[in-house]
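Engineer: Numbering-wise, UniProt numbering puts 19 at position 19 of the sequence shown, and it's gapless, one number per residue. Backbone N, C-alpha and C define an ideal beta-carbon position, used for all residues, glycine too. Here it is, the structure in full.
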Amino acid sequence: MEKHSHYFYVLKCADGSLYAGYTNDLQKRLTAHNSGKGAKYTRARRPVELYYHECFLTKREAMQQEYRFKTWTRRKKDMYIEEKRIKKEAAHEKDTEKL
């Protein structure tokens, strides 16, 4: 993880629901959620796992993505995450081919 990065993240809760948030330290935030010191929503839905994240250059960009994500239906959220994962895997494969 890069220093001074801003993250939009999605947690998958024990009940299968998703929780979206912003942080500048993913590991610290995940630990807080799982220790019961995170958001009220996740306290009763532990354990949670980091399901997805994106890195942004500014806090504003990360928080704007968090806001957009929270307005979507569950189906759209799942489709967005799957699409981003596919693109990331394709980019990784392309980079691997260059080696």
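Do PHE8 and GLU54 have their beta-carbon atoms positioned less than 8 Å apart in this structure?
Structural biologist: The residue labelled residue 54 in the question sits at position 54 within the sequence shown. The residue labelled residue 8 in the question sits at position 8 within the sequence shown. Contact: yes.
Engineer: Return helix, strand or coil for LYS37, following the three-state DSSP convention.
Structural biologist: On the sequence shown, position 37 is the one that residue 37 refers to. LYS37: coil per DSSP, three-state reduction.
Engineer: Quick check on THR42: does DSSP put it in helix, strand or coil?
Structural biologist: Taking the first residue of the sequence shown as position 1, residue 42 is located at position 42. Note: THR42 maps to helix in three-state DSSP.
Engineer: Give the secondary structure of MET1 by DSSP, where H, G and I count as helix, E and B as strand, and everything else as coil.
Structural biologist: Position 1 of the sequence shown holds residue 1. Note on MET1: pLDDT 45, under 50, position unreliable in the model; no value is reported.
Engineer: Whose CA, out of GLY16, GLU49, ASP95 and THR71, lies closest to the CA of LYS28?
Structural biologist: Taking the sequence shown and counting its residues from 1, one reaches residue 28 at position 28. Residue GLU49 is the option with its Cα nearest to LYS28.
Engineer: Give every residue of the same chain whose Cβ lies closer than 7 Å to the Cβ of LYS77, excluding the five residues on either side of it in the sequence, and list them in chain order.
Structural biologist: Position 77 of the sequence shown, counting from 1, holds the residue named residue 77. LEU18 and PHE69.
Engineer: Candidates CYS13, TYR22 and ASP15: which alpha carbon is nearest ARG60's?
Structural biologist: Position 60 of the sequence shown, counting from 1, holds the residue named residue 60. Among CYS13, TYR22 and ASP15, the Cα nearest to that of ARG60 belongs to TYR22.
Engineer: Measuring CA to CA, which of ALA39, ALA62 and HIS33 is closest to PRO47?
Structural biologist: As a first step, residue 47 is located in the sequence shown; it is residue number 47 there, counting from the start. It is HIS33.
Engineer: Please confirm whether ILE81 has its beta-carbon closer than 8 Å to some beta-carbon of chain D.
Structural biologist: You won't find chain D in this structure, because it holds only one protein chain.
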